[in-house]
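Undergrad: Numbering (the working numbering), first residue to last: 342 to 589. Have a look at this one.
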């Protein structure tokens with residue numbers, strides 16, 4: 342494929358909309374950008390083209406919210422997620438049954454509903470074994486499907502406010518992005534065309550983050566928390582619907 346003016350405009354609008362969500366929630370941009378871009382681009386071109394942008398913006402968000410960063414919260418989660426990416430990537434070569442994605446989508450939706458209806462007045466003490474399993478599975482699904490959401494249930498409960506949530510969450514994403522960048526370079530996945538797409542997405546992501554940041558200033562902590570949870574649930578719905586459509 343070649344980059345045309347109409348394609349560049351379409352990519353710009355799609356990515357800008359996606360990063361408005363990123364600016365508000367600290368995650369969720371692929372839930373919007375990937376389906377929209379897939380209407381005009383091959384899936385093999387989307388992930389490598391967005392990766393450099395995600396890498397830079399996740400680093401920016403971590404740096405911006407560094408005062409709220411908590412290494413104690415992030416360390417164990419990041420380790421288990423990265424360990425899970427390895428078998429997830431290996432499983433990708435063997436193919437992934439659609440039913441696994443259906444189960445994952447239902448699980449994410451269920452966890453999101455639990456987060457939405459939970460009594461936040463009670464102290465949260467995570468079970469270390471269950472936490473390790475869920476974060477490891479989050480890494481497996483990241484390597485297998487590109488869906489790294491399960492670890493967010495612990496970030497949402499452990500982070501004190503929106504700034505801490507963004508700093509801690511984006512640090513995990515940053516490590517994952519760095520890991521995948523090395524793997525993509527090693528396997529020659531970046532091409533001239535993906536880099537052209539990246540050139541369009543950089544200003545688009547900047548515009549989206551700016552708009553998201555302006556909206557964020559006008560929303561209270563409770564509204565932001567609900568927005569984060571609804572984006573999480575949207576991720577489950579997106580996963581479920583994609584699995585069913587692909588199977589059909």
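Every residue gets a Cβ at the ideal spot worked out from N, C-alpha and C, and that includes glycine. The model shown is predicted, which means the values in this text are computed figures rather than measured ones.
Return helix, strand or coil for residue 480, following the three-state DSSP convention.
TA: Residue 480 falls in the helix class under three-state DSSP.
Undergrad: Which of the three DSSP states is assigned to residue 558 in this structure?
TA: Residue state, collapsed to three classes: coil.
Undergrad: Please classify residue 346: is it buried, with 16 or more other beta-carbons within 10 angstroms of its beta-carbon, or exposed?
TA: Residue 346 comes out exposed.
Undergrad: Could you tell me if the beta carbon of residue 381 falls within a distance shorter than 6 Å of some heavy atom in the ligand FMN?
TA: Ligands are entirely absent from the displayed structure, and the ligand FMN is therefore not among its contents.
Undergrad: Exposed or buried, residue 350, counting other C-beta atoms within 10 Å across all chains shown (16 or more means buried)?
TA: Flag for residue 350 reads exposed.
Undergrad: Could you give the residue range of the alpha helix (DSSP H) that holds residue 381?
TA: Unbroken run through residue 381: none, as it is neither H nor E.
Undergrad: Residue range of the alpha helix (DSSP H) that residue 346 falls in?
TA: Note, residue 346: alpha helix (DSSP H), 346-366.
Undergrad: DSSP three-state label for residue 406, please.
TA: In this structure, residue 406 counts as coil in the three-state DSSP scheme.
Undergrad: Please state the DSSP three-state secondary structure of residue 411.
TA: Of the three classes helix, strand and coil, the one that applies to residue 411 here is coil, per DSSP.
Undergrad: Would you identify the three-state DSSP class for residue 502, choosing helix, strand or coil?
TA: Looking at residue 502 - three-state DSSP - the assignment turns out to be coil, as it is neither helix nor strand.
Undergrad: Check whether the region 497-517 touches the region 383-402, counting contact only when three or more Cβ pairs, one atom from each stretch, lie closer than 8 Å.
TA: A contact exists between the region 497-517 and the region 383-402.
Undergrad: DSSP on residue 519, reduced to helix/strand/coil?
TA: Helix, per DSSP.
Undergrad: I need the straight-line Cα distance from residue 583 to residue 376, nearest angstrom please.
TA: Distance between the alpha carbons of residue 583 and residue 376 is about 9 Å.
Undergrad: Find the nearest neighbour of residue 495 within the set 537, 439, 577, 466, judged by alpha-carbon distance.
TA: When only C-alpha atoms are compared, the closest one is 466.
Undergrad: Grab the span of the alpha helix (DSSP H) containing residue 342 for me, first residue to last.
TA: Where residue 342 is concerned, there is no enclosing alpha helix (DSSP H), given that its DSSP letter is neither H nor E.
Undergrad: What did DSSP end up calling residue 393 once you bin it into helix, strand or coil?
TA: Looking at residue 393 - three-state DSSP - the assignment turns out to be helix.
Undergrad: Which whole-angstrom value is the C-beta distance of residue 364 and residue 576, which I expect to be below 8 Å?
TA: That pair is no contact at about 17 Å.
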